[in-house]
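For reference, the structure discussed in these notes is given below.
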Ligand SMILES: Cc1cc2nc3c(=O)[nH]c(=O)nc-3n(C[C@H](O)[C@H](O)[C@H](O)COP(=O)(O)OP(=O)(O)OC[C@H]3O[C@@H](n4cnc5c(N)ncnc54)[C@H](O)[C@@H]3O)c2cc1C
Ligand code: SF4
């Protein structure tokens, strides 16, 4: 073992210094800078090179982590990039936004952590490898060396659609990507806020696809100005990668009041203004009392965006406690540092257009006609665990209380848009509410029509969407007759790891 590795004995885990909260809430820029080359080499050198790399197992892309850590420690950055990129289309993106504490850096995934040392900073090193490659000019478009004459249409320009497009173009097909939005990226451009990942990071990847010859058609809506039968007629294969956008309802009296909005409407409006597509956010929290309902990462993104927009106050109501929330502990910590309030074990019961002081003195005046002014909630206690192991909240009788609110954001999670409505019954939904497809071939009941990403899995993670994009590209290639059946382009994930890590924003209640 070269003396550059196994430095965990003398060197502690260290991330780059976060920007101070009072500084970072003044803008929407990323809060974590890149590691310096020396820091990246030092942190990479902590890896034990253990020979049982569970980090690789728990990474949905099975990145060759120990090897690129070693290359980074040795300063062989170009080689590290090419190795990282061989399994991950967007290493610097995953390095920034993967919830590493649930994936490659989880307690159960790093031998160092199990031995009482802290995990290696895998995500931060992966980001450094990608950012260094961009700065050094090593990232090149994957222009095909031969053309097949086959056309593939992809609906949805999120990470699943983008990864599929890159792979299919490199395989020589003519690739067209259609999306309702004006630019590529999906939730990476219009959902995930800039303080987690700046737009330029996604935009340069989108530019690379265009340079490789992928044709992007913005402003095209499947089920609207993009008709499924036309799409089928114009392409030899079609990939549906349109994500999961239907908000779960609050199911509360007053949820249709003005000022009660789904989380995605709020985040998209903020992103569009920051990108420059609109002059100002269509939904602005500035000067408002904001209540966010939900406990997942989407709720954290809303809370932190509202703080940056200059909300008068931001409260997150969540009906379980901190230990039982679905969101990442890291993101809650960031939100608390930035001044958001968390009202744990609080369950909303109704929304009203009557100001909170009136409701308190005259509870019968709980009107529901105009714009929201008050949220009524009650306290909960936690009962027996549910099927997923999270403790079930039960309302505490007589514990009702009111919170002032003139903007209420529903961040309870999403479901997948009904495929039969978008495709004129050509494609079915599964009993679980996802686009139905064969597990192996990824093909729906319509010949030559495939599905990938959140549309197939339900709300998940960017890293899973990238994997989906790579797998569906191989399936399409095979369908078109260009990839032999015996070639398995992606290693198979052990069943346990797959189950544990792919859950994202499905249910944030
Ligand atoms: C607020 C929020 C924050 C998140 N934060 C993280 C995070 O930090 N880390 C992480 O790993 N994951 C995060 N996720 C999850 C992650 O963003 C998704 O799992 C991932 O983007 C799914 O990729 P996809 O390509 O399947 O779908 P999407 O990224 O949703 O892309 C689908 C695309 O299809 C387009 N589309 C939809 N319907 C139509 C239609 N009818 N016609 C044409 N186009 C259509 C959409 O405009 C979109 O561009 C977050 C999700 C949300 C909602
Ligand atoms: S892709 Fe995500 S899970 Fe995999 S090594 Fe990178 S940060 Fe970890």
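Residue numbers (the numbering used here): 6 to 514.
Every residue, glycine too, gets a C-beta built ideally from N, C-alpha and C.
Note that the coordinates shown come from a computational prediction; the quantities given were computed from them, not determined experimentally.
Of all residues, those with a beta-carbon under 6 Å from at least one heavy atom of ligand 2 are 64, 66, 68, 70, 93, 99, 100, 103, 105, 108, 109, 127, 128, 131 and 468, reported in chain order. Annotation for residue 459 indicates a beta carbon within 7 Å of some heavy atom of ligand 1. Under DSSP, the beta-bridge partners assigned to residue 183 are 160 and 222. In the three-state reduction of the DSSP assignment, residue 320 falls in the strand class, which pools E and B.
Counting only residues of its own chain and dropping the five nearest sequence neighbours on each side, residue 103 has a CB closer than 6 Å to the CB of 128 and 468. For residue 409, the enclosing beta strand (DSSP E) has its first and last residue at 406-409. In terms of Cβ geometry, residue 21 and residue 43 do not form a close pair [threshold 8 Å]. With contacts defined as CB atoms closer than 8 Å, residue 278 and residue 285 qualify as a contacting pair. About 5 Å separates the Cβ atoms of residue 36 and residue 200, confirming a contact at the 8 Å cut-off.
For residue 347, the enclosing beta strand (DSSP E) stretches over residues 346-348.
Relative to the Cα of residue 419, the nearest Cα in the group 392, 47 and 253 belongs to 253. Residue 85 and residue 76 have their alpha carbons spaced roughly 6 Å apart.
Our two residues, residue 240 and residue 453, have alpha carbons roughly 9 Å apart in a direct line. Listed in chain order, the beta strand (DSSP E) elements of length 3 or more contained wholly in the segment 249-335 are 265-267, 294-298 and 318-322.
Using a Cβ distance threshold of 8 Å, residue 265 and residue 413 count as a contacting pair. Taking the Cβ atoms as the reference, residue 110 lies roughly 17 Å from residue 135, outside the contact range of under 8 Å.
Measuring C-alpha to C-alpha distances from residue 33 to each of 311, 181 and 209 identifies 311 as the nearest. Here residue 476 is near residue 447, since their CB atoms are less than 8 Å apart. Approximately 6 Å separates the beta-carbon atoms of residue 325 and residue 387; this is inside 8 Å, confirming the contact. The segment 197-212 makes no contact with the segment 242-260; the number of CB pairs closer than 8 Å stays below 3.
Between the C-alpha atoms of residue 159 and residue 351 there is a straight-line separation of about 42 Å. Note that the C-beta distance between residue 379 and residue 401 is not below 8 Å. Counting only residues of its own chain and dropping the five nearest sequence neighbours on each side, residue 376 has a CB closer than 8 Å to the CB of 262, 263, 264, 358 and 411.
Contact check for residue 19 and residue 54: beta-carbon distance about 20 Å, past the 8 Å limit, so the pair fails to qualify. A residue is called buried when at least 16 other Cβ atoms come within 10 angstroms of its Cβ; residue 392 does not meet this threshold and is exposed.
If you ignore the 5 residues before and after residue 273, its C-beta comes within less than 6 Å of the C-beta of 195, all in its own chain and listed in chain order. When secondary structure is reduced to three states using DSSP, residue 390 falls in the strand class. At a threshold of 7 Å, residue 247 counts as near ligand 1, since its beta carbon sits closer than that to one of the ligand's heavy atoms. With 16 or more other Cβ atoms inside 10 Å of its own Cβ, residue 69 counts as buried. Proximity of the beta carbon of residue 303 to ligand 1 is indicated: a heavy atom of the ligand is located closer than 7 Å. Bridge partners of residue 414 according to DSSP: 266 and 297.
Annotated three-state conformation of residue 381 is strand, per DSSP. A straight line joining the alpha-carbon of residue 132 with that of residue 307 spans about 24 Å. For residue 30, the closest C-alpha among the options 232, 198 and 121 is that of 198.
Straight-line measurement puts the Cα of residue 170 at about 25 Å from the Cα of residue 430.
It is roughly 36 Å from the alpha-carbon of residue 297 to the alpha-carbon of residue 41.
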